[in-house]
Structure formats: C-alpha cells, structure tokens
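Residue numbers (the numbering used here), protein chains in the order written: chain A, 110 to 300; chain B, 150 to 336.
By construction, the Cβ of each residue, glycine as well, lies at the ideal position given by its N, Cα and C atoms.
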Amino acid sequence: MKGYLGSFKRTVFEATPFIIFTALAELAAGNILVSMNRTLSFLPGILFLLPGLMESRGNISTSLAQRLGSAIHLGLISWEDKVNEELRENIYATFFLSLMVNSVYVFLCYGFMFFFRIVNIGLFWLLIISLATTILSCLTQIFLTVTISLYFSYKGFDPDNVTIPIVATIGDLLTVFYLILVSSLTINFLV
Amino acid sequence: MPIYSKGRIVRESLPVLLSVLVFSLLTGSRLEVVGRDIFLRVPSLFIVLPAFMNMAGDLADVFCSKITSLLHTGQLSMNFRPLTLWVTNIFAVLSVSFIGFSFISGVTVAFTFFASTSFNFLRLFFSILFSGVLSTFLMIAVGLVISYLVFSRGIDPDNFTPPVTTTVGDLISTSILLYSLSLTLAY
C-alpha cells in the first residue's frame, strides 16, 4: 500500500508542474485568440480551421523533432555540419506534408460547411488564409526545431528530452498568432 | 545516398495525418456551429480554448504512457491485476487534472472578470473545472480501451495511442466545454 501511495505522490508531483507550465503557454495562445472577436464576426468559417491547423502542426513538427533526435544520435546531422542532405530531406518532407495535409483539411472543411449550409467566406479565402498561416508557421517552426535540436545536442543535452516539449509548447502560440495575423490582413480585402 | 528520404517520410506519415483530420473536422464543426455564438458573446472565454483542448489530451497521454510501460514491464496484467495499481494511476491523473483545470478555470475567471461585470463567476469557474475533469475521465477510458485492444493484438500501443487520444481528446473536451459554457451562459 505504501508503494502505491508513493507512486500516486510521484505522479502528482512530477506531472503537475509540467501540466501547469504547458497550460501557461496555452493560455498565452488563448490570450491572442481573444483578439479574434472582430475577425470572427467578419470571417465566418475561420473557427473551423483552428483545430486542424493546430493539430496537424503539432503532429508534423513533433515527428520532425523525433526524427532529428534519432538522426543526431545516429551521427547523421550535427551543429558543425549545418544543413546537409539528411537535414534537407527532413525539411522538404515536413514542408510538403504541412501544405498537403492543411490543403486537404480546407477542402474537407469547405465540403462539410457546404453540405450542412454553414455560413463561410468561401473556398478561395479559406484556402488563402490556411495556406498563408501554414507556410508562415511551418517555416518558423522548422527553423526553431532544427536550431533547438542541433544547438542543445551541441551543448551536450539529449535532444529527445528537450526539443519536443519546447516545440509543442511554442507551436500552438505560433499557429494562433499567424492565423490572427493572416485573418486580420484578409479582412482588408473583404470588407 | 541519405538515410532519410522525403518520399519515404511523406509515404509513411501521410495516411495517419490524413485519417486523424476527420476528428479535427468534427472539432472544428463544434467550434464553428456551437462555439461561435459563445465566443462572440463573451470573447474573453477564448482564452480557455487552446489550454483546455490540450490539457485533457496531455493527461490522457500521461496515463496511457504509464499504463503501457507497466504492461510492457509485466507489472500489470491483461486481466486488470493488481487492481490497486490501476486505481492508483487513475486517481493520480485525475488529481493532476483537478489541479490543472482549477488553474485554467481561475485564470479564465480572472480575465472574464476584467472584461465583463455581469457574470456568475463561481458558476463559470465550476463549469470549466467540471468539464475538464469529466473530459480527462472520458479520455482515460478511451485511452485505456485503445491501449488494451492494441496491446492484446501484439501491436505496440506507444506507436498508436498518442495521435488517437490527442485528436479524439480535442473532440471530446471541446464538445463538453462548449455544452457546459452554453448552459452557463443560458442561466
């Protein structure tokens, strides 16, 4: 029984600070979203894009961080090598996957909204907003992921322990920030 | 000849990434159809959305990762023995969920307080907290069933469970939060 109580305490004490830290970063992303009120009233359909953009960004960049961690451990890439062929292949694949998955998502969203007669700004503008957000957040995310992975391994840290939590936390902030930025710019063309 | 090739990375990643989009689509439809009115009425509630969506999924991942490690090392058996170990892990994750969602609820109430004065803040606090703990409980159940089914078929649950719990978690937690907020705003 004492062992179970120890396991309970350990889970609570180790997981809580991490969960609170992540919540703080996500609340910052939420804070940016608060400014979306004006955008929402002018651009119906934008909320539809949010979960897909955040989720695919998270899945794709976490996979990139995992692959880079393995590549560093295998000695295929390093801080000294800078951008070699192994790294370039990973970067191209991540960029292509982001564009591909988010484009498919926009078509699915539009189809869903069209079928259920949900008011929206139209396929063209949804695609423009989604692709611009994807390109901006993907390029920033790739740059940060590669730099963090290589730099921390150069400094003697295990990139597997460091990169994923940092990348996952700042990724949502980036996506929300760029979505608001692109949507706000789009309003100027539509209104 | 590089070990990593963009073609292989795309070929292996694309099917999973496209299949989980269905859950994102359903979450998006909930947000657009139900959430739009709520957030237009009380914009400060936007603050809770990303944190809420991620926390339930994160906690389910923590639980599944612990359970699969215990299954892999043989400390837990497929017939739910020892039961105390299961219960301990479930209560530990629910306790973290209670602390985490109390924090999120507190911050959201504080922001809403500064933005609006005509609001029942106590009801808002408990509605977010209750939705969060309920979402975690449901996500634990989903993660448990998936881990069990996958493990019993000889597949490593570590490769399968996280993307599924994260995306299904978004759908479950967003639906519960929006339903709870719409009830809170209605009264």
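Could you give the C-beta distance for residue i and residue j, rounded to a whole number, given that I count them as a contact under 8 Å?
| i | j | result |
| --- | --- | --- |
| B:L278 | B:F250 | 5 Å |
| A:L142 | B:P199 | 7 Å |
| A:T295 | A:L162 | Between A:L162 and A:T295 the Cβ distance is about 15 Å, and since that is not below 8 Å, they are no contact. |
| B:V169 | B:P312 | 6 Å |
| A:G154 | A:N229 | 3 Å |
| A:T171 | A:I273 | 6 Å |
| B:M204 | A:A132 | 6 Å |
| B:A264 | B:S329 | Rounded, the Cβ-Cβ distance is 19 Å, inconsistent with contact. |
| B:S284 | B:I325 | 5 Å |
| B:L234 | B:L220 | The Cβ separation is near 11 Å, so there is no contact. |
| B:L243 | B:F270 | Incorrect: roughly 24 Å between the Cβ atoms, too far for contact. |
| B:S331 | B:I187 | 6 Å |
Given a cut-off of 9 Å on the beta-carbon distance, is the pair residue i and residue j in contact?
| i | j | result |
| --- | --- | --- |
| B:T176 | B:T316 | yes |
| A:A174 | A:S258 | yes |
| A:T125 | B:V245 | yes |
| A:L206 | B:L163 | yes |
| A:I200 | A:V255 | yes |
| A:L290 | A:I275 | no |
| B:S151 | A:L185 | Here the sequence assigns Pro to residue 151 of chain B, which means Ser is not the residue at that position. Yes; because the gap between Cβ atoms is below 9 Å, this pair is in contact. |
| A:G167 | A:A277 | yes |
| B:L334 | B:V191 | yes |
| B:F229 | B:V282 | no |
| A:R147 | A:S293 | yes |
| A:F117 | B:A241 | yes |
| B:T257 | B:I196 | yes |
| B:Y297 | B:M227 | yes |
| A:S262 | A:S144 | no |
| B:L327 | B:V183 | yes |
| A:F216 | A:L232 | yes |
| B:S178 | A:I227 | yes |
| B:L166 | A:S165 | yes |
| A:D281 | A:H182 | no |
| A:A138 | B:K155 | no |
| A:S198 | B:Y153 | First, the residue type needs correcting, since residue 198 of chain A is Glu and not Ser in the sequence shown. Yes, the Cβ-Cβ distance between A:E198 and B:Y153 is below 9 Å. |
| A:W234 | A:L288 | no |
| B:T323 | A:P160 | yes |
Check each candidate in the options and name the one with the smallest Cα separation from residue i.
| i | options | result |
| --- | --- | --- |
| B:I304 | B:F263, B:T217 and B:A241 | B:T217 |
| A:Y214 | A:I237, A:V228, A:Y201 and A:V291 | A:I237 |
| B:V171 | A:L114, A:A277, A:A137 and A:L158 | A:L158 |
| A:I279 | A:T125, A:H182 and A:F130 | A:F130 |
| A:M209 | A:F122, A:A132 and A:C247 | A:C247 |
| A:V271 | A:R166, A:L177 and A:K191 | A:L177 |
| B:N238 | B:S284, B:A290 and B:F270 | B:A290 |
| A:L136 | A:F286, A:D267 and A:K118 | A:F286 |
| A:I128 | B:V182, B:D207 and B:I196 | B:D207 |
| A:Y219 | B:F262, B:S276 and B:E181 | B:E181 |
| B:I295 | B:L332, B:F252 and B:C213 | B:C213 |
| A:Q250 | A:I227, A:L283 and A:D267 | A:L283 |
| B:G318 | B:G255, B:I253, B:L293 and B:R302 | B:L293 |
| B:L225 | B:S301, B:T310 and B:S331 | B:S301 |
| B:I253 | A:E194, A:N140, A:L114 and A:N193 | A:N140 |
| A:K191 | A:F266, A:Y260 and A:G115 | A:Y260 |
Is residue i near the ligand SAH, going by C-beta to nearest heavy atom under 8 Å?
| i | result |
| --- | --- |
| B:P231 | Among the components of this structure there are no ligands whatsoever, and the ligand SAH is therefore not found. |
Please decide whether residue i counts as near chain D, where near means a Cβ-Cβ distance under 9 Å.
| i | result |
| --- | --- |
| B:E161 | Of the protein chains in this structure, namely A and B, none is chain D. |
Inset, instruction - Identify each residue in the stretch 157–168 of chain A for which the Cβ-Cβ distance to at least one residue of chain B is less than 8 Å, and report them in chain order. - result: F157, L158, L159, P160, G161, M163, E164, S165, G167 and N168
Legend entry - Near-chain A residues of the stretch 302–320 of chain B (beta-carbon distance less than 8 Å), N- to C-terminal order: P312, T315, T316 and D319
Legend entry - Complete alpha helix (DSSP H) runs within the stretch 214–257 of chain A (minimum length 4 residues, chain order): none
Legend entry - Every unbroken beta strand (DSSP E) inside the stretch 212–256 of chain B [3 residues or more]: none
Legend entry - Positions along the stretch 271–289 of chain B whose CB lies within less than 9 Å of some CB in chain A: none
Legend entry - Near-chain A residues of the stretch 234–246 of chain B - C-beta to any C-beta below 9 Å: L234, V236, T237, N238, F240, A241, V242, S244, V245 and S246
Legend entry - Where the stretch 153–170 of chain B meets chain A: residues whose CB sits under 9 Å from a CB there: Y153, S154, K155, G156, R157, I158, V159, S162, L163, V165, L166, L167, V169 and L170
Inset, instruction - Could you run through the stretch 132–149 of chain A and flag, in chain order, every residue whose CB is less than 7 Å away from some CB of chain B? - result: A132, E135, L136, A138, G139, N140, L142, V143, M145, N146 and L149
Legend entry - Near-chain A residues of the stretch 180–196 of chain B - C-beta to any C-beta below 8 Å: L180, E181, V182, G184, R185, F188, L189, P192, S193, F195 and I196
Legend entry - Members of the stretch 176–192 of chain A that neighbour chain B once the beta carbon cut-off is set at 8 Å: R176, A180, L183 and L185
Legend entry - Members of the stretch 258–289 of chain A that neighbour chain B once the beta carbon cut-off is set at 7 Å: D281 and V285
Inset, instruction - Name, going along the chain, the residues of the stretch 212–238 of chain A whose beta-carbon falls closer than 7 Å to a beta-carbon of chain B. - result: V213, Y214, L217, C218, F221 and I227
Inset, instruction - Report the residue ranges of all alpha helix (DSSP H) runs contained in full by the stretch 255–326 of chain B; include only those spanning at least 4 residues, in chain order. - result: 270–301
Legend entry - Under 8 Å (Cβ pairs) to chain A, residues found in the stretch 206–226 of chain B: D207, L208, V211 and K215
Inset, instruction - Determine which residues of the stretch 254–265 of chain B have a Cβ less than 9 Å from any Cβ of chain A, and write them out in chain order. - result: V256, T257, F260 and A264
Legend entry - Every unbroken alpha helix (DSSP H) inside the stretch 123–210 of chain A [4 residues or more]: 146–151 and 155–182
Legend entry - Unbroken stretches of the alpha helix (DSSP H), 4 residues or longer, contained in the stretch 252–299 of chain A: 268–299
Inset, instruction - Please name the residues in the stretch 120–132 of chain A whose beta-carbon is closer than 8 Å to at least one beta-carbon of chain B, in chain order. - result: T120, V121, A124, T125, I128, I129, T131 and A132
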